[in-house]
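Quick note on our numbering: the sequence shown kicks off at 57 and runs consecutively.
Heads up, the beta-carbon is just placed ideally off N, CA and C, and yes, glycines get one too.
Note that the structure is predicted; figures quoted are calculated from it, not measured.
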Amino acid sequence: MTIRYLIVTGGDAEQRSAVFGRLATARDFVTGQVGDAFVIATHQRMLLPAGPIVIGEIFEGSEPVAPQESITRDGRPSASELLNRFWGRYVAIWSEVPGRLCVLRDPSGALPCYYRLLDGLTLVGSDLALLEQASPARRILNWPEVARILGAGDLRGPATGLAGIMELPPGDMLTITGGHHKTRRVWDPWDHVESASSMSFEEQAGILRCRTEMVVTALGRAHTDRVATISGGLDSSIVALSLAKLAGSLTGLTAFTHDSSGDERRYARIVANAASARYRERILSADAIDLTKSQVNHLPRPTGRPFFAAVSVMINEVAADVGASAVFNGTGGDNIFCFLQSVTPVVDRLHAGSPLGALCAVADVARMTDASYLEIAAATARRVFSPARSRRWRSNRRFLAPAQVEQAARYDHPWLAPRRAARPGQFAHLTMLLRVQNYLEPWHADDPIDIINPLLAHDLR
Numbered sequence: 057m058t059i060r061y062l063i064v065t066g067g068d069a070e071q072r073s074a075v076f077g078r079l080a081t082a083r084d085f086v087t088g089q090v091g092d093a094f095v096i097a098t099h100q101r102m103l104l105p106a107g108p109i110v111i112g113e114i115f116e117g118s119e120p121v122a123p124q125e126s127i128t129r130d131g132r133p134s135a136s137e138l139l140n141r142f143w144g145r146y147v148a149i150w151s152e153v154p155g156r157l158c159v160l161r162d163p164s165g166a167l168p169c170y171y172r173l174l175d176g177l178t179l180v181g182s183d184l185a186l187l188e189q190a191s192p193a194r195r196i197l198n199w200p201e202v203a204r205i206l207g208a209g210d211l212r213g214p215a216t217g218l219a220g221i222m223e224l225p226p227g228d229m230l231t232i233t234g235g236h237h238k239t240r241r242v243w244d245p246w247d248h249v250e251s252a253s254s255m256s257f258e259e260q261a262g263i264l265r266c267r268t269e270m271v272v273t274a275l276g277r278a279h280t281d282r283v284a285t286i287s288g289g290l291d292s293s294i295v296a297l298s299l300a301k302l303a304g305s306l307t308g309l310t311a312f313t314h315d316s317s318g319d320e321r322r323y324a325r326i327v328a329n330a331a332s333a334r335y336r337e338r339i340l341s342a343d344a345i346d347l348t349k350s351q352v353n354h355l356p357r358p359t360g361r362p363f364f365a366a367v368s369v370m371i372n373e374v375a376a377d378v379g380a381s382a383v384f385n386g387t388g389g390d391n392i393f394c395f396l397q398s399v400t401p402v403v404d405r406l407h408a409g410s411p412l413g414a415l416c417a418v419a420d421v422a423r424m425t426d427a428s429y430l431e432i433a434a435a436t437a438r439r440v441f442s443p444a445r446s447r448r449w450r451s452n453r454r455f456l457a458p459a460q461v462e463q464a465a466r467y468d469h470p471w472l473a474p475r476r477a478a479r480p481g482q483f484a485h486l487t488m489l490l491r492v493q494n495y496l497e498p499w500h501a502d503d504p505i506d507i508i509n510p511l512l513a514h515d516l517r
């Protein structure tokens, strides 16, 4: 089931009592305490001695950390130790000193993390429904942020479309002291960017393959019955064939349309057969999409996802039919493996001082995009002589009122800040990782099936 949690800290006894009274009807939750903060979470919660409460799943290498294990060396948790030694799908909570609470969201962003402050009381939770159950209040739209979201598209910031509801970005830590809070970035992707490697392409590919299989199988071991959505493409095939190495049952599921462009069953069957998996096919019809109903009313942002409504119904039905507790997919594969259809690789090769490599990249881009060599050369020249273009987030201001256009242009992000010696391809890669964050949240706050995107794990970044 979807991992859900709520952290309550600060406020007076009357405020806390009111919160707990409203949560009395919450089912399938367990409770814990860190300092003066109370935590409720679904059964995935782990209470670790001499350390933080970790909600979700946490691994050291390929092995899950057991509930009785300590994840601190000296009994004093730190964000850097957690991030350097462990990976997973988690939110960690600990008390640095009495009265100071730390909340760390892992860099994958697999578990949502929202918070609100109410007269000294701070609530941190996995979803809007829990926050509103704990503190009922009329929803007030944050119109400037709504305009920014509509203009910036998939670029998320800490603010949301609802006033008073904030999001803790992946890799950030929230520190709460009394009625005050601050956030800071403790994981920066630029710390993991290499300008060059002494290893050969084959060596790097081998490491990536081993690491990917390790991540997928580590996440899969917690479930004996699994569904893998497959299309026959690279990303979902990697996930399905990695899961096939585990004991238990595996069911491959593919969706198709009557149009040939949406029918990849021939390839999906090959993958299912190679994985020795049971196989299911489901028709994806436009009739299953109801544009009169919002599919994101459980989220604090106007993210359009009508297609996911039909997909979620189909996946939940198949998972229930085969008794699966989790669904694995290849979401984010294009992003993490940096599947580009632009001249960026050519520009990167030129930046690296490799004219021959640039010519090879031109041939690759031509083969992938069906563009002519002349078109590629012209596009490359534009990028070389206008480097700022490759570092600019593309906005979409169509249909916005003139008064909101300026607000929509606010789309700065710390990952996109100018960096010396950074290549266009590195910026493009980080841009792709930012875009996918908008599509990772559960289709419903209380989905009975856990949706897992293993290719976006922190350990692969």
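DSSP state of Thr281 mapped onto helix, strand, coil: Checking the displayed sequence, the identity of residue 281 turns out to be Asp instead of Thr. Residue state, collapsed to three classes: strand.
Cβ contact check for the region 206-215 and the region 480-493: 3 or more pairs under 8 Å: Segments in contact, yes.
Cα-Cα separation between Ala278 and Leu297, rounded to whole angstroms: Each residue's Cα considered, the two are about 17 Å apart.
Residue environment, Pro504, which counts as buried when at least 16 other CB atoms sit within 10 Å: Per the 10 Å Cβ criterion, exposed.
Selection from Thr313, Ala311 and Ala330 that minimises the alpha carbon distance to Ala300: For Ala300, the nearest C-alpha among the options comes from Ala330.
The region 474-482 contacting the region 400-410, beta-carbon criterion three pairs below 8 Å: With a cut-off of 8 Å, the region 400-410 and the region 474-482 count as touching, because enough Cβ pairs lie within range.
Gly318, buried or exposed, once every other Cβ within 10 Å from all chains shown has been counted against 16: That one is exposed.
Pair within 8 Å by beta-carbon distance, Ala333 and Ala366: Going by C-beta atoms, Ala333 is not nearer than 8 Å to Ala366.
CB contact flag (Leu157, Val95, <8 Å): For Leu157 and Val95, no; Cβs fall outside 8 Å.
Host beta strand (DSSP E) of Ser292 (start-end): Note, Ser292: premise wrong, no beta strand (DSSP E); alpha helix (DSSP H) at Leu290 to Leu299.
Any 3 or more C-beta pairs closer than 8 Å across the region 114-124 and the region 134-144: Short answer: they touch.
C-beta atoms of Leu186 and Leu62 nearer than 8 Å: Less than 8 Å separates the beta-carbon of Leu186 from that of Leu62.
Distance between beta carbons of Ile286 and Ala261, contact taken as under 8 Å: Actually they are not in contact, since the Cβ atoms of Ala261 and Ile286 sit about 22 Å apart, beyond 8 Å.
Burial state of Gln397 (16 or more Cβ within 10 Å): Gln397 is exposed by the Cβ-count criterion.
Runs of alpha helix (DSSP H) wholly within the region 173-210 (minimum 4 residues, chain order): Residue ranges of uninterrupted alpha helix (DSSP H) with 4 or more members, entirely inside the region 173-210 and ordered along the chain, are 184-190 and 199-208.
Contact the region 449-458 vs the region 347-356: 3+ CB pairs below 8 Å: No: the two stretches stay apart, fewer than three of their Cβ pairs being nearer than 8 Å.
Segment contact flag, the region 195-205 with the region 157-166, C-beta cutoff 8 Å, min 3 pairs: With a cut-off of 8 Å, the region 157-166 and the region 195-205 do not count as touching, because too few Cβ pairs lie within range.
Under 8 Å between C-beta atoms of Trp471 and Pro245: By the CB criterion at 8 Å, Trp471 and Pro245 fall inside the cutoff.
Between the CA atoms of Val202 and Asp468 - distance to the nearest angstrom: If you take the alpha carbons of Asp468 and Val202, they lie about 15 Å apart.
Trp143 - partner residues in DSSP beta bridges: Note: Trp143 sits in a beta bridge opposite Phe115.
Where the alpha helix (DSSP H) through Thr487 begins and ends: Run containing Thr487: Pro480 to Val492, per the alpha helix (DSSP H) assignment.
Pick from His237, Val249, Arg267 and Gly276 that is closest to Ala484, judged by C-alpha positions: Ala484 has its Cα closest to that of Val249, out of His237, Val249, Arg267 and Gly276.
CA-to-CA distance, Leu224 to Gly181, given in whole angstroms: One C-alpha to the other measures close to 10 Å.
Local Cβ density within 10 Å of Pro133, reported as buried at 16 or more and exposed below that: It is buried - the Cβ of Pro133 has at least 16 other Cβ atoms within 10 Å.
Continuous beta strand (DSSP E) stretch holding Arg338: start and end: Arg338 -> beta strand (DSSP E) spans Arg334 to Ile339.
Span separating the alpha-carbon of Thr98 from that of Ala148: Approximately 14 Å, taken between the alpha carbons.
C-alpha gap between Gly379 and Asp281, whole angstroms: Roughly 7 Å between the two C-alpha positions.
Extent of the continuous beta strand (DSSP E) run through Thr65: Start and end: Tyr61 to Gly66.
Contacting residues, own chain, Cβ-Cβ under 6 Å from Leu159 (five flanking each side not counted): As written in the sequence, residue 159 is Val, which differs from the Leu given in the question. Contacts found: Ile149, Val180 and Leu230.
Alpha-carbon spacing of Gly276 relative to Ala382, whole angstroms: Straight-line Cα distance between these residues: approximately 8 Å.
Cβ neighbours of Met222 in the same chain (closer than 6 Å, five flanking residues each side left out): In the same chain as Met222, and ignoring 5 residues on each side of it, the C-beta atoms closer than 6 Å to its own belong to Tyr171 and Pro214, in chain order.
Buried or exposed (CB count within 10 angstroms, at least 16 for buried), Met556: Within the shown structure, residues of the chain are numbered from 57 to 517, placing residue 556 beyond reach of any answer.
CB of Asp247 within 8 Å of CB of Thr239, strictly: No, these two residues do not count as a Cβ contact at 8 Å.
Own chain, CB closer than 8 Å to Ser118, minus 5 neighbours either side, in chain order: Excluding positions up to five away in sequence, the list reads Met270, Thr273 and Ala274.
Residues near Ser293 by beta carbon distance below 6 Å, same chain, minus five either side: Result list for Ser293: Val327, in chain order.
Spatial distance of Ala342 from Gly207 (CA atoms): Those two C-alpha atoms are separated by around 27 Å.
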